[in-house]
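For reference, each letter of the sequence shown is one residue, going 1 to 111 in the UniProt record's numbering.
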Amino acid sequence: MSEVYRFDTEEQILTKEKLKLKKPPKFRVVILNDDYTPMEFVVWILKVVFYRTAAESERIMLQAHTTGKALCGVYSHDVAKTKVSETHKLAEQNGHPLQCRMEIEEGEEEP
């Protein structure tokens, strides 16, 4: 909670109000499977962009490969947007069609 102090000049009284701040929504970054991007490249992206360990990267890549998509992480809007953008940029630079997307976390409201 944040406190706000207000000074009323007519009555010259200092009042203190408590404001309840709303937490910003979280976004899931999900990597999508395709038939063209090499598995090794996906693992590399997960290590470089999402800072996952080799074992975590392998597990996430295999989940995307078998189910069609996998969760890379949950982030604030700006961080999630940056990670999606960075993934797409690196994939394009390396000639791969790899895609990932942002999804609003369950129970969260769109900003």
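Each residue gets a CB set at the ideal place from its N, CA and C atoms; glycine is no exception.
Counting along the chain, residue 106 sits inside no beta strand (DSSP E), nor does DSSP assign it H or E at all. Counting along the chain, the unbroken beta strand (DSSP E) around residue 28 starts and ends at 26 to 32. In this structure, the CA atom of residue 30 is about 9 Å from the CA atom of residue 64.
83 is the residue among 93, 83, 96 and 94 whose C-alpha sits nearest the C-alpha of residue 46. Secondary structure of residue 22 (DSSP, three-state): coil. Distance check between residue 36 and each of 19, 56, 98 and 106 places 98 closest, using alpha-carbon atoms only.
Here residue 61 is buried. Its C-beta has 16 or more other C-beta atoms within 10 Å. In the three-state reduction of the DSSP assignment, residue 79 falls in the helix class, which pools H, G and I. Within the same chain, 64, 65 and 68 come within 6 Å of residue 33 by CB-CB distance, once the 5 residues on both sides are set aside. With a threshold of 16 other beta carbon atoms within 10 Å, residue 57 meets it and is buried.
When C-alpha distances from residue 38 are compared across 73, 96 and 54, the shortest belongs to 96.
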